[in-house]
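Protein sequence lines, in the order shown, are assigned to chains P and H.
Anchor point for the first sequence: position 9 equals 165 in the numbering used here, and the numbering is continuous, going up by one each time.
Anchor point for the second sequence: position 196 equals 335 in the numbering used here, and the numbering is continuous, going up by one each time.
Backbone N, C-alpha and C fix where the C-beta goes; we use that ideal spot for every residue, glycine too.
As the structure is a computational prediction, the values presented were derived from the model and not from experiment.
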Amino acid sequence: MTCQVNHLPVLTWNALKLNAASMDFDPADLTSPTLTVNHFYGDAEREEDLSPDAFEARLAALGTANEEEAVVAGKFPIYAEQAFPTGMGADADRLMRNAPGTVLTFPENCKPPKHITFRYTIPAGASCLSRLLITVKRGADASVLLYAASEDTAAFGMQTYVYLEEGASLRLTAVQRMAGDSFFFHDIGGWGEDKSSLSLAKLDLGAKTVYEGLNHTQAGDECVFSADLGYLGLRGSKTDINYNDVFRGRRADGKMLFKGALLDGAEKTFRGTIDFRRAATGCTGDEQEDVILLGDDVVNKTIPLILGEEEDVEGRHASSIGSLSDDMLFYMQTRGIDRVHAEELMVRASLAGIADKIPSDDIRCGVNTYLADVFKVEGDEP
Amino acid sequence: MKNEYRKDTPVDGDEGRILLDEAERALYDFRDEESEEHFYRMEEGLTPEIVRQISREKHDPDWMLAFRLKSLEIYHQIPVPDWGPPIDGLDMDKISSYVRPKTDMQQSWDDVPEDIKNAFEKLGIPKAERESLAGVGAQYDSELVYHNVREDVAKSGVVYTDMESALTGEYAEMVRTHFMKLVPPTDHKFAALHGAVWSGGSFVYVPKGVHVEIPLQSYFRLNAKGAGQFEHTLILVDEGADLHFIEGCSAPKYNVANLHAGCVELYVAKNARLRYSTIENWSKNMYNLNTKRALVEEGGTIEWVSGSFGSHESYLYPTSVLKGDGSHAEFTGVTFAGKGQNLDTGAKMIHIGKNTSSFIDTKSICKSGGVSTYRSSVEIRRSAEGAKASVNCGSLMLDAISRSDTVPAIDVRTRRADVGHEAKIGRISDEAVFYLMSRGIPESEARAMIVSGFASPVSKELPLEYAAEMNNLIKLEMEGG
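Written out as structure tokens, the structure reads:
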């Protein structure tokens, strides 16, 4: 099945091939990932293996469905109906139509002392899909870690929905460590009511083909949202990202940080949008992308959008794309650090801020080991 | 929480303000009535016969007629763009592609018909020529009515003439070699339209090593109602040469659509430099679908300075193709979208040669329901090792009924590149307005001053007279609506 995913909210020149991405995924012969849940906190509620219809009904009940926007001042928005808008869009919903779902609910004022870990293990050669709805009720404060891994080539797609009630807070961390020529996608929809807070940290390390989508709607007043996404594009890999931060409430604050490195032949497309809707007064949106180019034949495409329908806002985007400067390399070499190790240091430094947010020691150690292995050269001490 | 997307309706300013706006715009909005006695007007629409008729009127060589007809075919094959401002209000069946005053091109203002000369006098063109220009071309509707170049500049070998003369005269082969090679009719729908019905425009050749110390200018005036203007500007700056070319345009406002689909092709040879400045002030019934492109050879420099104030809708993205090693491009632009305007502007940079560099600095301002979109692309190809690019775009929203978007794309295909980008959107700070008001400056004037300051990266790149015109346009836009 070929899906059109990761649409830009407004179109640009078709020749750039940035308006959307094509994604091939065969939904036949699906198997279930092995899921283990650690540190489950007693007050949280977990419902597993919901039928697709039951899961859709739960989404629909949240009242987050997007409506076709009115044409405002000449803007013609791209629109596709979704019960809960996500970054990858309506085609990802269709792909997930037959996938079972899990619902995780944190009751009012629930404050678990430790993060809950969902560890998905994908059998070699398998194709798996999984959906998760996290609802954080009024005043609750929770942390969830999603970890997807395989020991060999496999395919895994996840959809994660986050619904935050008034004053709710969630730290969501997601790490992907799939091996071989694996295929992975993670499609996220977020919705925050008044004074809610969502802090997202993600690392994509391993899969050869990666699609990442997020649409977070800051629907209420005084919401806070932050997203830190790190990736390492290995040789011949393809990474496609589409993150949208939609401001609809007042005095909301959003920050998105994207850091990554591309090795030989790696290809990455990044779409990031700060979308200030009318009446979203007093909001600030900030987006930063840093890419280190480490290999020949890399392809790095970036399109950061700021859409402004409200005067009383502050929006900023910045990008920095390039390789290690000759001056930096020379400095490193004078201290006995060769090019490969200098590059490793730079990538580690770039991703360290995100890796540090992983609340699990063993997963964080695994990330560090993985990064060391990627840059290991023959003759290095183990 | 229920979705509550609001369907906002732009709010009119008070009537007194609109009247003031209209009165002050009269500086650009005056119009002359067309009469059959003084003007030749081709029927509306776009057919092979109309294209043949234009070709006959212009005494085209055979290859140009074939080129026009092929372009028309391409035009019909290419769809309307689906990504920019809507142009469904533009009906080619209601546009006359060719309107010309019944006069030959003159080299003295005294010989230009009185009514046309008056139009250019009101726009200050003859005065500017006397005071600060090396040469002037003045186009009225589809044809040039005046063209002149200073004797000392002509003596240095600089050629500045109308496209029709160049097409059949001494430079015919040079024109044929370069005409629509940089912007082929297959590029997009309105490039194809241009190829089919182009008329007027200027040809400039600056020989090797010649530095033209003061600028040349072409001014385009579209007076006819429901007409299109399709001028073609072709400039070749040879090795080591240097030129500043200024383009100005305006039109009176009608209640039917007018169309401008011009084409600018600039060839900058090795170590040459060309600055191309534009103050665009088309009337607000104009669809401005213009294409501008420069090809820069080794060590060459192209500098674009662009002010976009007019038009109902605009698609305008000057493109620099940095083909030669060490070539360089700069784009400095300001766009002001007021009531009823949807201006989609920006720039494209294509890095092909090694150690090329580009710099984009733009400012967008919107007000009274206007829509301003900054759209750009920076493409660094695999061959462009050592390329450096920087993009800065700032947007200023002056009220809550306008819209401002930034859509910048970057495509890098070599590790040996360094690209930086920064975009900001915001409004005039209350503190800055308060500061100026506390020093006795009225609020409206304070806001206009702040906006002029915001646009200063463009105005400081223009010759004084043009910077003054730009600031006047900003003042007009700030006072109106």
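Cα separation between residue i and residue j?
i: residue 506 (chain P); j: residue 443 (chain P); result: 16 Å
i: residue 437 (chain P); j: residue 379 (chain P); result: 12 Å
i: residue 188 (chain H); j: residue 364 (chain H); result: 22 Å
i: residue 263 (chain P); j: residue 197 (chain P); result: 11 Å
i: residue 287 (chain P); j: residue 547 (chain H); result: 33 Å
i: residue 498 (chain H); j: residue 415 (chain H); result: 15 Å
i: residue 292 (chain P); j: residue 217 (chain H); result: 51 Å
i: residue 607 (chain H); j: residue 587 (chain H); result: 14 Å
i: residue 422 (chain P); j: residue 553 (chain H); result: 11 Å
i: residue 191 (chain P); j: residue 486 (chain H); result: 50 Å
i: residue 430 (chain P); j: residue 466 (chain P); result: 12 Å
i: residue 521 (chain H); j: residue 198 (chain H); result: 45 Å
i: residue 471 (chain P); j: residue 350 (chain P); result: 21 Å
i: residue 396 (chain H); j: residue 258 (chain H); result: 21 Å
i: residue 527 (chain P); j: residue 174 (chain P); result: 29 Å
i: residue 254 (chain H); j: residue 238 (chain H); result: 16 Å
i: residue 521 (chain P); j: residue 515 (chain P); result: 11 Å
i: residue 495 (chain P); j: residue 368 (chain H); result: 58 Å
i: residue 228 (chain P); j: residue 409 (chain P); result: Caution is warranted here: a pLDDT of 49 is assigned to residue 228 (chain P), below 50, making its placement in the model unreliable, and no coordinate value can be reported.
i: residue 562 (chain P); j: residue 237 (chain P); result: Here chain P covers residues 157 to 538 and nothing more, so residue 562 (chain P) does not appear.
i: residue 257 (chain P); j: residue 157 (chain P); result: 21 Å
i: residue 352 (chain H); j: residue 382 (chain H); result: 7 Å
i: residue 615 (chain H); j: residue 324 (chain H); result: 37 Å
On the DSSP bridge assignment, give the partners of residue i in chain order.
i: residue 372 (chain P); result: P:346 and P:401
i: residue 418 (chain H); result: H:387 and H:446
i: residue 396 (chain P); result: P:367 and P:425
i: residue 505 (chain H); result: H:476 and H:536
i: residue 277 (chain P); result: P:190 and P:305
i: residue 284 (chain P); result: P:312
i: residue 229 (chain H); result: Per DSSP, none; premise fails for residue 229 (chain H).
Please compile the residues from chain P whose C-beta is within a distance smaller than 9 Å of the C-beta of residue i.
i: residue 539 (chain H); result: 434, 435, 437, 465, 466, 467 and 468
i: residue 525 (chain H); result: In chain order: nothing, as chain P lies at least about 10 Å away.
i: residue 560 (chain H); result: 445, 458, 460, 473, 474, 475, 476 and 477
i: residue 578 (chain H); result: Simply none; closest approach about 25 Å.
Residue j and residue i - do their beta-carbons sit closer together than 8 Å?
i: residue 328 (chain P); j: residue 359 (chain P); result: no
i: residue 563 (chain P); j: residue 381 (chain P); result: Outside the displayed span of chain P (157 to 538) sits residue 563 (chain P), for which this structure offers no information.
i: residue 283 (chain H); j: residue 244 (chain H); result: yes
i: residue 341 (chain P); j: residue 304 (chain P); result: no
i: residue 370 (chain H); j: residue 334 (chain H); result: no
i: residue 612 (chain H); j: residue 420 (chain H); result: yes
i: residue 511 (chain H); j: residue 505 (chain H); result: yes
i: residue 330 (chain P); j: residue 278 (chain P); result: no
i: residue 272 (chain P); j: residue 402 (chain P); result: no
i: residue 398 (chain H); j: residue 450 (chain H); result: no
State the start and end residues of the unbroken beta strand (DSSP E) segment that holds residue i.
i: residue 179 (chain P); result: 177–180
i: residue 536 (chain H); result: 526–536
i: residue 596 (chain H); result: Per DSSP, residue 596 (chain H) belongs to no beta strand (DSSP E); it is in the alpha helix (DSSP H), 595–598.
i: residue 240 (chain H); result: 238–240
i: residue 563 (chain H); result: 556–566
i: residue 431 (chain H); result: 430–435
Interface residues of chain P around residue i at Cβ under 8 Å?
i: residue 556 (chain H); result: 449, 477, 478 and 479
i: residue 565 (chain H); result: 469, 470 and 471
Quick one: which chain H residues come within Cβ less than 7 Å of residue i?
i: residue 168 (chain P); result: 222, 514, 546 and 548
i: residue 385 (chain P); result: Simply none; closest approach about 18 Å.
i: residue 174 (chain P); result: 548
So residue i is in the alpha helix (DSSP H); what residue range does that whole segment cover?
i: residue 574 (chain H); result: 569–576
i: residue 407 (chain H); result: First-last for residue 407 (chain H): 402–407, but that is the beta strand (DSSP E), not the alpha helix (DSSP H).
i: residue 489 (chain P); result: 482–490
i: residue 257 (chain H); result: 253–261
i: residue 214 (chain H); result: 201–216
i: residue 314 (chain H); result: 311–317
Which bits of chain H does residue i rub up against, with CB to CB less than 8 Å?
i: residue 380 (chain P); result: Those within 8 Å of residue 380 (chain P) in chain H number zero; the least Cβ separation is about 17 Å.
i: residue 452 (chain P); result: 553 and 554
i: residue 455 (chain P); result: 550, 551 and 552
Just the chain P side, please: which residues come within less than 7 Å of residue i by C-beta, in chain order?
i: residue 586 (chain H); result: Simply none; closest approach about 13 Å.
i: residue 536 (chain H); result: 464 and 467
i: residue 543 (chain H); result: 464
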